[in-house]
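J.: In this text, residue positions in the sequence shown follow our numbering: the first is 78, and each later residue adds one.
We put the beta carbon where it would ideally sit given N, CA and C, even for glycine.
Attaching a single structure in structure tokens format; questions to follow.
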Amino acid sequence: MTVTRVFDILPYQIATFPQPDCLAWKENGQWLKYSSQDVLDRATAVSYALLARGIKANDKVAIVSLSRPEWVVADFGIQQTGATTVPMYPTITVDDYRHILKDAGVKLAFGSTKEICDKLREAGGPDLPIIAFDADAGQPLFSSFIEMGKNTPDAVTLEQRKAAVKPDDLLTLIYTSGTTGTPKGVMLTHDNLISNYNSCKSAIPLVPADRALSFLPLAHIFERMVTYLYLMSGVSIYYAESIEAIGVNLKEVQPQVFTTVPRLLEKIYDRIEAKGAELTGIKKALFGWSMALGRRFDNQHSPGAWYDMQLSVARKLVFSKWQEALGGKIKIVVTGGGALQPRLARLFSAAGVRVMEGYGLTETSPVISINRFDAANNMIGTTGLVVDDVEVQIAQDGEILTRSRSVMKGYYNLPQQTAEAIDPDGWFHTGDIGELVEGKFLKITDRKKEMFKTSQGKYVAPQFIENTLKESPLIEQAMVVGDGRKYAAALLVPSFENLKDWCGKHGVRFESNEQAIKEEKVLAEIEKAVAQYNAKAASWEQIKKTTLLPRLWSIESGELTPSMKLKRKVVMKNFEAEVEALF
78 MTVTRVFDIL PYQIATFPQP DCLAWKENGQ WLKYSSQDVL DRATAVSYAL
128 LARGIKANDK VAIVSLSRPE WVVADFGIQQ TGATTVPMYP TITVDDYRHI
178 LKDAGVKLAF GSTKEICDKL REAGGPDLPI IAFDADAGQP LFSSFIEMGK
228 NTPDAVTLEQ RKAAVKPDDL LTLIYTSGTT GTPKGVMLTH DNLISNYNSC
278 KSAIPLVPAD RALSFLPLAH IFERMVTYLY LMSGVSIYYA ESIEAIGVNL
328 KEVQPQVFTT VPRLLEKIYD RIEAKGAELT GIKKALFGWS MALGRRFDNQ
378 HSPGAWYDMQ LSVARKLVFS KWQEALGGKI KIVVTGGGAL QPRLARLFSA
428 AGVRVMEGYG LTETSPVISI NRFDAANNMI GTTGLVVDDV EVQIAQDGEI
478 LTRSRSVMKG YYNLPQQTAE AIDPDGWFHT GDIGELVEGK FLKITDRKKE
528 MFKTSQGKYV APQFIENTLK ESPLIEQAMV VGDGRKYAAA LLVPSFENLK
578 DWCGKHGVRF ESNEQAIKEE KVLAEIEKAV AQYNAKAASW EQIKKTTLLP
628 RLWSIESGEL TPSMKLKRKV VMKNFEAEVE ALF
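Right, dumping it as structure tokens:
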């Protein structure tokens, strides 16, 4: 059968390669598995219940939850009625909920926990119907909603609704987290997502009965599109219990694939390095030798036969433990949502875990480019080759422009902003600065709006500098400042977990974050990392001064977006005194 609307995916899977564990979720210590038919039946019951509640075509229905099977079931149930799914991050503020619910005109919301449902009630008022996934949330239950749907089937109306949905109809309204300003609703159609799946399927080699571990939020378009790709490929999706439980869940599920963001790969690497530091004698020497080999790894150019032979030995003796930590069967790790430190890509690839870094935006459904599984088409330090049927060109000022069927319909109720983003020739202006390495590998160098000019008239691209500084295991977050100033400087937040270990090994007192960042030995060690960057930078790009901050920037403090991007204006405001002291 042909898939032209997203809700066609489930019947396609059932007809092509039905899975006994299409979706899986851990409950009371046991993995609860839903077959392909279970998922479709539950989604159809949701559709019937929505019809009974008066949901019409083009109505907006919200989902606010961490990733779990109910999220996917609700999404497909909404789609089949011709309504539009409005996903929201569980971590955003009540004010953000209020803005999105009002702007989209949400008619009904699905929420998971009591905390989320309470936020929805506060933001949406007493007239917003809320259906809860969890029993203790104090709202009508999702399981009861499904039973209501089963008891009030209206197959004729549902089939009419499904038949009326066209590929260019609105599938979802996703409010971008935005590093500045009020979130905008990105209008994505069924065809946007289906075309992006078709563009990516040859790039990500999956086969039926592969398993994926999913832990990124489905409110993010990256995990949402990949979910549809998994379902179209016959891949079973297992949902992690929590971010903290990923390590345990990897060993239980033994997935062949997972998608991630760079920060989580950094945490996995940090744990591996910490265990290596605890080794002694020959084991410690072997670990250090293997890591040194890994740092020299290059997909494109092998250092030679002697290196290859040594790497083969290192994979058997040391790197096999990395594989075990990831479940033992991992083939592919796809990463996006931010720049991956090249050293991590080298080390994981050296360990036999192919890291495929990609690039895209909510407005492009999302994937524009991705590094491939085969080594020849996987260049570390880039976001890979442009995917099938997507065009990319670099504007004169370095901005990346893209054109394809995956580009959004526009911003909801914002015609002027839509016209600014998509030019008359259909090119979407990404706001990212980049280049095509060797004419084909896309490399992101900065955000157009984040570049600044010093008082000397020199342009500084902060993102590259920040990513380079964060290659130090002692630096977790960095923000370069200096717009209109004489030089560039940086706010740095240490990786306090790593810093504590470092202090223990170097005889430095660590009683609190505030105390540790003032220790002379700590300051000197951080300065070494800055000096390593400065040695390779042009004079106007060098970091002349730094200051260490005692806490991590977070979503809760408003300094990071839900997708972990830096809100520079908020950081500047919250640390105004520290910034001024740098100059």
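(1) When we look at the beta-carbon of residue 583 and count the other beta-carbons within 10 Å, is it buried (16 or more) or exposed?
(2) Is the CB-CB distance between residue 107 and residue 95 below 8 Å?
(3) For the structure I just gave you, are there three or more beta carbon pairs, one from the segment 551-571 and one from the segment 611-621, closer than 8 Å?
(4) With 16 as the cutoff for other CB atoms within 10 Å, does residue 634 come out buried or exposed?
(5) List the DSSP bridge partners of residue 301.
(6) Would you call the segment 137-155 and the segment 234-243 in contact, with 3 or more CB pairs under 8 Å?
(7) What separation, rounded to the nearest whole angstrom, lies between the Cα atoms of residue 510 and residue 447?
(8) Mind checking who residue 72 pairs with in its DSSP beta bridge?
(9) Pick helix, strand or coil for residue 122, following the three-state DSSP scheme.
(10) To the nearest angstrom, report how far apart residue 209 and residue 361 are at their CA atoms.
(11) Which residue marks the beginning of the alpha helix (DSSP H) containing residue 341, and which one marks its end?
(12) Decide yes or no for the touch test of the segment 171-179 against the segment 320-329: beta carbon pairs closer than 8 Å, at least 3 of them.
(13) Considering only their Cβ atoms, is the gap separating residue 150 from residue 277 smaller than 8 Å?
(14) Contact between the segment 399-407 and the segment 332-339: three or more CB pairs below 8 Å?
(15) Alpha carbon to alpha carbon, how far is residue 534 from residue 311?
(16) Using alpha carbons as the reference points, say which of 428, 398 and 399 lies closest to residue 376.
(17) Express the C-alpha separation of residue 347 and residue 354 in angstroms, rounding to a whole number.
(18) Under 8 Å by Cβ, that's how I've got residue 572 and residue 597 pegged, so tell me the actual separation to the nearest angstrom.
(19) Can the beta-carbon of residue 425 be found closer than 8 Å to that of residue 462?
(20) Excluding five sequence neighbours on each side, which residues of the same chain lie with their C-beta closer than 6 Å to the C-beta of residue 514?
(21) For a test of the three-state rule: what should DSSP assign to residue 229, helix, strand or coil?
(22) For residue 295 and residue 301, which I take to be in contact (beta-carbon distance under 8 Å), what is that distance rounded to the nearest angstrom?
(23) Do residue 188 and residue 141 come within 8 Å of each other at the CB atom, strictly closer than that value?
(24) How would you label residue 474, buried or exposed, when you count the other beta carbons within 10 angstroms and need 16 or more for buried?
(25) With H, G and I counted as helix, E and B as strand and the rest as coil, what does DSSP make of residue 441?
(26) Between which two residues does the beta strand (DSSP E) containing residue 89 stretch?
(27) Quick check on DSSP: helix, strand or coil for residue 169?
(28) Going by DSSP, name the residue or residues bridged to residue 524.
(29) Counting along the chain, where does the beta strand (DSSP E) carrying residue 617 start and finish?
(30) In whole angstroms, what separates the C-alpha of residue 512 from that of residue 120?
(31) In terms of DSSP beta bridges, what is residue 164 paired with?
(32) Could you name the residues of the same chain whose beta carbon sits closer than 6 Å to that of residue 374, not counting the 5 residues immediately before and after it, in chain order?
(33) Using the beta-carbon count (16 or more within 10 Å), is residue 279 buried or exposed?
(34) Is residue 171 near residue 200, with beta carbons less than 8 Å apart?
(35) List the whole-angstrom C-beta distance separating residue 207 from residue 197, where the pair is believed to meet the contact cut-off of C-beta under 8 Å.
(36) How far does the beta strand (DSSP E) with residue 495 in it reach, from first residue to last?
T.: To lay it out plainly:
(1) Exposed, because fewer than 16 other Cβ atoms sit within 10 Å of the Cβ of residue 583.
(2) No; because the gap between Cβ atoms is not below 8 Å, this pair is not in contact.
(3) The segment 551-571 makes contact with the segment 611-621, as at least three CB pairs between them are under 8 Å.
(4) Answer is exposed; the Cβ neighbour count stays below 16.
(5) Looking at the DSSP output, residue 301 sits in no beta bridge, so it has no partner there.
(6) The segment 137-155 vs the segment 234-243: no contact.
(7) Going from the Cα of residue 510 to the Cα of residue 447 covers about 17 Å.
(8) The structure shown does not extend to residue 72, since the chain is modelled only from 78 through 660, so no value can be given for it.
(9) Three-state DSSP puts residue 122 in a helix.
(10) One alpha carbon belongs to residue 209, the other to residue 361, and they sit about 51 Å apart.
(11) From DSSP, the alpha helix (DSSP H) with residue 341 extends over 339-354.
(12) Short answer: they don't touch.
(13) Not a contact, by the Cβ cut-off of 8 Å.
(14) Per the Cβ contact rule, the segment 399-407 is in contact with the segment 332-339 (3 or more Cβ pairs under 8 Å).
(15) Roughly 55 Å separates the two Cα atoms.
(16) Looking at the Cα atoms, 428 is the closest of the given residues.
(17) C-alpha separation (whole angstroms): 10 Å.
(18) Their Cβ separation, rounded to whole angstroms, is 19 Å, which puts residue 572 and residue 597 out of contact at 8 Å.
(19) No; because the gap between Cβ atoms is not below 8 Å, this pair is not in contact.
(20) Excluding residues within five positions, the ones whose Cβ falls inside 6 Å are 459 and 520.
(21) For residue 229, the three-state secondary structure derived from DSSP is coil.
(22) Rounded to whole angstroms, the Cβ separation of residue 295 and residue 301 is 5 Å, and the two are in contact under 8 Å.
(23) Contact: yes.
(24) Answer is exposed; the Cβ neighbour count stays below 16.
(25) Here residue 441 sits in helix by DSSP.
(26) Annotation: residue 89 is outside any beta strand (DSSP E); the continuous alpha helix (DSSP H) that includes it extends over 86-93.
(27) DSSP places residue 169 in coil when its eight states are reduced to three.
(28) As computed with DSSP, residue 524 is found in a beta bridge with 509.
(29) Premise fails: residue 617 is in no beta strand (DSSP E) and is neither H nor E.
(30) Going from the Cα of residue 512 to the Cα of residue 120 covers about 43 Å.
(31) Answer is 140, bridged to residue 164.
(32) The beta carbon of residue 374 is closer than 6 Å to those of 423, 426 and 427 in its chain, skipping five residues each way along the sequence.
(33) Classification of residue 279: exposed, given that the 10 Å Cβ count is below 16.
(34) A contact, by the Cβ cut-off of 8 Å.
(35) The beta carbons of residue 207 and residue 197 sit about 5 Å from each other, so the pair counts as a contact at 8 Å.
(36) It is not in any beta strand (DSSP E) - residue 495 instead sits in the alpha helix (DSSP H) that spans 492-498.
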